[in-house]
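Chains as they are written, first to last, in my numbering: chain A, 1 to 298; chain B, 299 to 682.
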């Protein structure tokens with residue numbers, strides 16, 4: 001990647017995110033790819049709190065934060081106002097939320113936005129946990145993961161539920177452009193954002209963004225684990241246009257097993273402690289195999 | 299300008315059309331429904347140019363007008379009861395963001411038990427959200443309050459809620475005069491948003507940022523002071539309103555006095571019940587009972603000083619509420635007592651009427667007047 005002076009990005013340094021935060025790395029690619037003719041509606045969450053400490057801001061584009069669950073509807077309002085001003089063809093509306101906002105508390109409003117087919121790019125930065133409140137389980141948390149509300153213990157193996165499939169939910173709304181990526185693939189993020197903006201209508205990009213403290217990983221691992229999540233098949237990197245799978249990032253010929261990925265995280269450490277945990281690793285490996293089969297990742 | 303016989307909801311839709319918001323977003327709820335149905339129809343028939351956005355909830359509708367207002371255009375929505383409560387988180391946010399959104403609340407009871415009929419529990423419950431709240435007695439007043447409300451909102455960068463009693467006003471046909479667009483434009487020009495507080499790619503700003511304890515308190519204090527100062531602006535805009543339209547709202551836009559000058563007994567109320575109270579006042583006056591009514595138009599900001607001056611002459615004061623603070627008293631009664639604290643020694647009685655659409659009859663108001671001289675100062679529910 002070409003070096004760019006940090007202050008020439010549209011998301012500037014000076015924010016208070018953790019060193020090595022996967023979300024901030026991805027968010028900078030997203031806004032740079034959108035360009036300066038973009039208005040952002042941001043959900044409450046790490047991205048909001050770390051970039052907008054009053055009276056400072058890291059954003060060099062117009063940016064608004066209202067609430068946790070409503071950035072999609074705020075985006076609709078921005079778009080409606082732009083239409084009245086004759087600017088809707090010139091200005092992009094970008095809505096950003098974390099997995100808590102997207103998978104859980106804001107899902108109904110996202111469904112409304114997609115039903116209306118609003119010309120908005122929605123980007124979900126998925127840390128698979130409520131990072132901002134201190135790592136509680138969300139609808140995006142993987143099966144068996146330890147969070148502060150899904151403790152492993154004598155009667156629990158961590159999160160009892162399975163990660164919700166947001167891509168399928170978007171496709172069910174006939175969203176014309178739906179894609180995923182991870183913070184391991186910055187060029188892929190940029191390409192997908194640019195491609196998304198070629199479509200008129202709703203666009204959804206779901207980006208897996210490792211959370212350093214929430215996953216219990218080192219601060220140099222966000223990119224590496226973003227790649228490994230894809231290579232194992234645990235997080236498929238795929239692209240749909242008008243409901244058709246047009247692109248899938250292939251897993252390597254000799255693909256790593258899911259445990260290569262899991263053992264790097266404190267949140268899956270308990271699975272390596274006993275036989276019961278090992279059985280669960282097999283369940284997670286099956287998720288990878290299913291992804292590879294369903295999304296043609298081989 | 300001729301008067302028309304219009305349903306309250308239709309009159310509101312028509313005045314909103316003439317005020318020309320750029321974005322209208324709403325979700326249906328009884329008894330607000332006719333307002334947004336009419337606006338959607340006006341849009342469909344090409345009688346209005348606004349963007350009309352159907353949403354999946356009131357929470358979303360309030361969020362849509364928030365986003366549009368932050369982008370620098372005039373916005374409008376309407377709701378009621380559960381819908382207003384569902385919006386509550388957004389309503390606080392709109393006020394904190396200093397967005398001049400205008401909303402109509404068709405006042406209705408709150409569940410449970412579920413009940414779709416009128417009282418004022420919905421709006422008074424969210425009195426602390428930072429919105430200006432104005433209450434109309436008649437559909438003419440409600441129409442006029444919308445014109446004044448938009449002007450007030452845009453002049454102060456504060457949101458305004460216009461309250462009208464569900465069914466008693468929304469579904470009632472009354473003679474109403476709707477001013478022409480030209481006349482409205484004379485009073486309320488096109489919205490010109492402050493350039494540094496909107497979302498504009500040529501002047502990027504961050505709105506709704508995160509305030510730490512060293513910043514938050516002053517920002518909230520500023521909102522508090524600005525809402526309190528809005529009283530002056532209401533008085534000023536009401537007198538301008540009188541000049542343009544030849545009529546005003548009460549004396550000063552804050553309150554209306556009805557035969558209070560020499561009154562021994564003053565009842566205080568807000569909304570459509572004031573019409574019934576005026577009838578009773580007239581009848582009792584014929585029997586030489588010195589009764590009067592103080593009507594509250596502006597509930598937030600609350601006209602503390604004006605109320606004290608008017609009530610200071612009365613011997614008996616009774617507040618007629620269509621809402622309750624559960625376990626204490628009527629909510630308007632609490633505000634009247636707060637405003638009069640240390641200035642008026644006479645007891646202030648709290649009467650609760652009309653909850654969940656119970657008809658408030660002249661007989662009930664007469665009963666309240668009869669109870670005014672009793673020693674008991676407990677909150678009394680007058681249901682028959």
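C-beta: ideal position from N, C-alpha, C; glycine also.
Residue 355/B and residue 76/A closer than 9 Å at C-beta: As a position in the second chain, residue 355/B is number 57, starting the count at 1. As a position in the first chain, residue 76/A is number 76, starting the count at 1. Their beta carbons are not under 9 Å apart, which means residue 355/B does not touch residue 76/A by this criterion.
Under 9 Å, Cβ to Cβ, is there at least one residue of chain B near residue 96/A? As a first step, residue 96/A is located in the first chain; it is residue number 96 there, counting from the start. By this cut-off, residue 96/A is not an interface position.
Could you tell me which chain A residues have their CB closer than 9 Å to the CB of residue 321/B, listed as they occur along the chain? As a working mapping, residue 321/B is identified with position 23 in the second chain. Chain A residues near residue 321/B: 77, 80, 81, 83, 84.
According to DSSP, is residue 343/B part of a helix, a strand, or is it coil? Taking the first residue of the second chain as position 1, residue 343/B is located at position 45. In the structure shown, residue 343/B sits in coil (DSSP, three-state: anything other than H, G, I, E or B).
Report yes or no: do three or more beta-carbon pairs, one from the region 281-294 of chain A and one from the region 313-322 of chain B, lie closer than 8 Å? no
For residue 369/B, which residues of its own chain have a beta-carbon under 7 Å away from its beta-carbon, when the five flanking residues on both sides are left out? For the purposes of this step, residue 369/B is taken as the residue at position 71 of the second chain. Excluding positions up to five away in sequence, the list reads 496, 497.
DSSP three-state label for residue 442/B, please. Along the second chain, read from residue 1 onward, the residue named residue 442/B stands at position 144. Helix.
Residues bridged to residue 124/A [DSSP beta-bridge criterion]: Taking the first chain and counting its residues from 1, one reaches residue 124/A at position 124. BP columns for residue 124/A point to 97/A, 206/A.
Could you give the residue range of the alpha helix (DSSP H) that holds residue 386/B? For the purposes of this step, residue 386/B is taken as the residue at position 88 of the second chain. It spans 379-394 - the alpha helix (DSSP H) in which residue 386/B sits, taken as one unbroken run.
Restricting to runs no shorter than 4 residues, where is the alpha helix (DSSP H) found entirely within the region 390-430 of chain B? 419-423
Whole-Å CB distance - residue 74/A paired with residue 41/A, under 8 Å assumed: Within the first chain, numbered from 1, the residue matching residue 74/A stands at position 74. Within the first chain, numbered from 1, the residue matching residue 41/A stands at position 41. With a Cβ gap of about 4 Å, residue 74/A and residue 41/A count as contacting.
Listing by chain order, which chain A residues have their CB less than 7 Å from the CB of residue 506/B? Within the second chain, residue 506/B is the residue found at index 208, counting from 1. Residues of chain A passing the Cβ test: 64, 65, 66.
Look up residue 237/A in the DSSP assignment and say whether it is helix, strand or coil. Counting from one through the first chain, the residue named residue 237/A turns up at place 237. Coil at residue 237/A, not helix or strand.
For residue 199/A, the nearest candidate out of 210/A, 215/A, 179/A, 208/A (CA to CA): Residue mapping note: residue 199/A aligns to position 199 of the first chain, counting from 1. Considering only alpha carbons, the answer is 179/A.
How about residue 569/B and residue 459/B: do their beta carbons lie closer than 9 Å? Working through the second chain from its first residue, we reach residue 569/B at position 271. Working through the second chain from its first residue, we reach residue 459/B at position 161. Cβ atoms of residue 569/B and residue 459/B: not closer than 9 Å.
By the three-class DSSP mapping on this structure, what secondary structure does residue 71/A have? If you number the first chain from 1, residue 71/A lands on position 71. Residue state for residue 71/A is assigned as helix, using DSSP reduced to three classes.
How about residue 381/B and residue 330/B: are their beta carbons less than 9 Å apart? For this step, residue 381/B is matched to residue 83 along the second chain. For this step, residue 330/B is matched to residue 32 along the second chain. Cβ atoms of residue 381/B and residue 330/B: closer than 9 Å.
Per DSSP, which one or two residues make a beta bridge with residue 565/B? For this step, residue 565/B is matched to residue 267 along the second chain. Per DSSP, 591/B, 616/B.
Is it true that the CB of residue 551/B sits closer than 9 Å to the CB of residue 532/B? Position 234 of the second chain, counted from the first residue, corresponds to residue 532/B. Position 253 of the second chain, counted from the first residue, corresponds to residue 551/B. Contact flag set, yes.
Can a CB atom of chain A be found closer than 9 Å to the CB of residue 428/B? As a first step, residue 428/B must be located in the second chain, where it is residue number 130. Not one chain A Cβ lies under 9 Å of residue 428/B.
Less than 9 Å separating the beta-carbons of residue 69/A and residue 94/A? Here the question's residue 69/A lines up with position 69 in the first chain. Here the question's residue 94/A lines up with position 94 in the first chain. Not in contact: residue 69/A and residue 94/A (Cβ atoms no closer than 9 Å).
Does DSSP put residue 662/B in a helix, a strand or coil? Against the second chain, residue 662/B aligns to sequence position 364. Helix, per DSSP.
Using beta-carbon positions only, say whether residue 374/B and residue 363/B come within less than 9 Å of one another. Looking up residue 374/B in the second chain gives position 76. Looking up residue 363/B in the second chain gives position 65. Contact flag set, yes.
Flag this pair as yes or no: are the beta carbons of residue 562/B and residue 589/B separated by less than 9 Å? The residue you call residue 562/B lines up with position 264 of the second chain. The residue you call residue 589/B lines up with position 291 of the second chain. Taking 9 Å as the Cβ cut-off, residue 562/B and residue 589/B qualify as a contacting pair.
What does the Cβ neighbour count give for residue 504/B, buried or exposed, with the cut at 16 atoms within 10 Å? As a position in the second chain, residue 504/B is number 206, starting the count at 1. Classification for residue 504/B: buried.
C-alpha gap between residue 34/A and residue 494/B, whole angstroms: Numbered from its first residue, the first chain carries residue 34/A at position 34. Numbered from its first residue, the second chain carries residue 494/B at position 196. Rounded to the nearest angstrom, the two C-alpha atoms are 23 Å apart.
Sort 429/B, 472/B, 345/B, 646/B by Cα distance to residue 301/B and report the nearest one. Position 3 of the second chain, counted from the first residue, corresponds to residue 301/B. Among 429/B, 472/B, 345/B, 646/B, the Cα nearest to that of residue 301/B belongs to 472/B.
Residue 147/A versus residue 235/A: straight-line alpha-carbon distance, rounded: One-based indexing of the first chain puts residue 147/A at position 147. One-based indexing of the first chain puts residue 235/A at position 235. Approximately 19 Å between the Cα atoms of the pair.
Which residue marks the beginning of the beta strand (DSSP E) containing residue 473/B, and which one marks its end? Here residue 473/B refers to the residue found at position 175 of the second chain. Looking at the DSSP string, the run of the beta strand (DSSP E) that includes residue 473/B is 471-474.
May I have the straight-line CA-CA distance separating residue 396/B from residue 82/A, to the nearest angstrom? Residue mapping note: residue 396/B aligns to position 98 of the second chain, counting from 1. Residue mapping note: residue 82/A aligns to position 82 of the first chain, counting from 1. Those two C-alpha atoms are separated by around 20 Å.
Here's the rule I'm using: 16 or more other beta-carbon atoms within 10 Å means buried, otherwise exposed. How should residue 365/B be labelled? Against the second chain, residue 365/B aligns to sequence position 67. Residue 365/B should be labelled buried.
Considering Cα atoms alone, identify which of 197/A, 264/A, 242/A is closest to residue 218/A. Mapped onto the first chain, residue 218/A falls at position 218. Residue 264/A is the option with its Cα nearest to residue 218/A.
I need the straight-line Cα distance from residue 547/B to residue 465/B, nearest angstrom please. In the second chain, counting from the first residue as 1, residue 547/B sits at position 249. In the second chain, counting from the first residue as 1, residue 465/B sits at position 167. Answer to the nearest angstrom: the Cα atoms are 22 Å apart.
Tell me the rounded alpha-carbon separation between residue 424/B and residue 386/B. Here residue 424/B refers to the residue found at position 126 when the second chain is read from its first residue. Here residue 386/B refers to the residue found at position 88 when the second chain is read from its first residue. Rounded to the nearest angstrom, the two C-alpha atoms are 7 Å apart.
Same chain, Cβ closer than 7 Å to residue 256/A, neighbours up to 5 away in sequence not counted: For this step, residue 256/A is matched to residue 256 along the first chain. Result list for residue 256/A: 228, 231, 232, in chain order.
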